[in-house]
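Please read the structure below before turning to the comments.
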Amino acid sequence: MKHLALITLLLHAALASAQQTDTVISEIRTEQGMLERQRIVNPYDEVFGIHQPARWLFKWDVAGFLPALGFDPDEYDFTDGGLRFDIEWKPGTAFSLNASYQLGLYELLSDAKVSTHSFRIEPRWYFGMRKRIQRGRGASNLSGNYLGVELTEVRKVSDVSPFSLHVEAYRGAMLRFGMQRRLFRHGFFDISYGVGVRKYVISNYNRGQNNVYSEARVAVGFALSQPKPNVSSQASAYCEVLQCFREERRMFKIDLYNLFRIISTDALTGTARIALEQKIGYSPFSVGLEGRLGGYYSEVDGVNGGSIQKRYHGNYGVQLQTRYYYGQKRRIATGKSGNNLSGAYLAWQADWWHGVITSKSQSSPGGDIIIQKGKKSQLATGLLWGVQYRLFQRGFIDFNLGGGWGRNFYGDLSSGVKDPVQLHVMGGLRVGLAF
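In the numbering used here, the protein residues as written are 149 to 583.
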């Protein structure tokens, strides 16, 4: 009976508590105001300058100046390589005008009295720019994918004798598709491919033929924009992309930037490079060893349209480099960097390569084929300044430039002809995978 009485008391208490109600007063307020579009920025947008407005862009194509492919300048088409400057202006939202001038620097550094001048003007349409701005995914700038129509005039002037001046030139028009991005605060890259027609000027050395050609172009270098970018919010994004605080004493690098290049429809080139860089203890010094294997192919029609010449060039080489990452100890002490292989450096470099050139010429279709072979080697050493950074988890970028002394050897090293020791421009640009 005691248990039944206890159960009855508990049920009564539960029913009584259930009948009690609590009153809660809630107040809801609304305020009027402008609804602002929210913008989510990731590290990719910060590095490539997607949200930085720009109407003017002044560009120096360092990749066109560097001897990054390592071939003899005589193996290049005369329009390839040199000191190139561009200026791009954007009057509206989606259209821009890019103008450039290029001076063939390799020829000016040689003994030949040759100068090459290239002039280009290219209207561009950034076809995704307007929609990107409307959706709040970027600002009005010069970072995006584009279609362009490029008009070109190239002049090559050389003194072939004390009394005559040889002028070789062509004019062309080309439709180009490309992508241009900013790289951090003072860099850019522009990758494009085009198809067009060109007409050679009639002269004593050329019958003025027309031809259809294509061209792949990769430009990487320094850039200044107007208005200037706001970099107050970019520091954290930079470190996320560049892996500033990563601890690293060894880096195995595979260069993809120079792996394959289409100079034109009748000129292909490429160099495979792999390198290993090792720090000396925990010091700011490192030692690197790089091996390379390259090739080049070109086909040239004779000035009268009859003769055909094909050239094959294969080479291999090694490079030894010691680096001093100056300023790294200070960055580590101030909490701006880890002990790694990133940052600006001074380097001493020794470079050797050996190549075999095969030339096949035919005076006319169906005629006899004349085959000629030659060997060429180069040994050079010098001092360079450079900068290397990690890119995300598995990438890297390495740029260096300097000068030194070198010598060319023709034929066998023991019995061949040797050039006198000459001043050499040294350097390179490498972008690829790092482990």
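Using N, Cα and C, we set each Cβ at its ideal position, and we do this for glycine too.
- Pairwise C-beta distances place the region 384–397 out of contact with the region 364–373, as fewer than three of them are shorter than 8 Å.
- For R203, there is no enclosing beta strand (DSSP E), as DSSP marks it with neither H nor E.
- When DSSP states are grouped into helix, strand and coil, G503 belongs to the strand group.
- Note on geometry: alpha-carbon atoms of G342 and G515 lie some 34 Å from one another.
- The straight-line gap separating the alpha-carbon atoms of W273 and Q328 is approximately 12 Å.
- Judged by their CB atoms, G530 and Q497 are nearer to each other than the 9 Å cut-off.
- Just so you know, the alpha carbons of F243 and F337 end up roughly 19 Å apart.
- DSSP places Q282 inside the alpha helix (DSSP H), whose first and last residues are 277–282.
- Under the DSSP assignment, A367 falls outside any alpha helix (DSSP H), being part of the beta strand (DSSP E) whose first and last residues are 358–374.
- Nearest neighbour of G462 by Cα position, chosen from T419, E194, I545, turns out to be T419.
- Annotation for W204: I235, E236, W237, K238, S373, Q374 place their beta carbon closer than 8 Å to its own, counting only its chain and skipping 5 residues before and after.
- Q497 is bridged by DSSP to Q469, G530.
- Cβ neighbours of K523 within its own chain (closer than 6 Å, five residues either side excluded): V504, G559.
- Judged by DSSP secondary structure, R398 falls within the beta strand (DSSP E) whose first and last residues are 398–403.
- When secondary structure is reduced to three states using DSSP, K477 falls in the helix class.
- Note on W553: under 16 other CB atoms within 10 angstroms of its CB, so exposed under the neighbour-count rule.
- Shown here, F433 sits in a strand according to DSSP, grouped into three states.
- V569: not part of any beta strand (DSSP E); DSSP gives it neither H nor E.
- For E236, the enclosing beta strand (DSSP E) begins and ends at 231–237.
- Taking the C-beta atoms as reference points, Y318 is found no nearer than 9 Å to E194.
- Going by DSSP, I339 is part of the beta strand (DSSP E) stretching over 335–348.
- Each residue's CA atom was taken as its position, placing G276 and G240 some 14 Å apart.
- In the three-state DSSP reduction, G212 falls in the helix class (H, G or I).
- For a cut-off of 8 Å, the C-beta gap from L577 to R555 is around 25 Å, too long to register as a contact.
- Boundaries of the beta strand (DSSP E) around N556: 543–558.
- Between the alpha carbons of G543 and L581 lies a distance of about 4 Å.
- Excluding the 5 residues flanking it on each side, N487 has same chain C-beta neighbours closer than 7 Å at E395, Y430, I480, in chain order.
- The beta carbon of V389 sits closer than 7 Å to those of P191, V195, L539, F540, all from its chain and outside the five residues before and after it, given in chain order.
- Between D499 and V535, the C-beta spacing is not below 9 Å.
- For F332, the secondary structure class from DSSP, reduced to helix, strand or coil, is coil.
- DSSP lists R398, V435 as the beta-bridge partner residues of Q426.
- Distance between N358 and R478, taken at the CA atoms: about 60 Å.
- Rounded to whole angstroms, T470 and E447 show a C-alpha spacing of 39 Å.
- Separation of Q282 and A202 (C-alpha to C-alpha, rounded to the nearest whole angstrom) is 17 Å.
- Looking at the DSSP output, T264 bridges to K304.
- Here T300 is actually not in contact with G286; their C-beta atoms are around 30 Å apart, not less than 8 Å.
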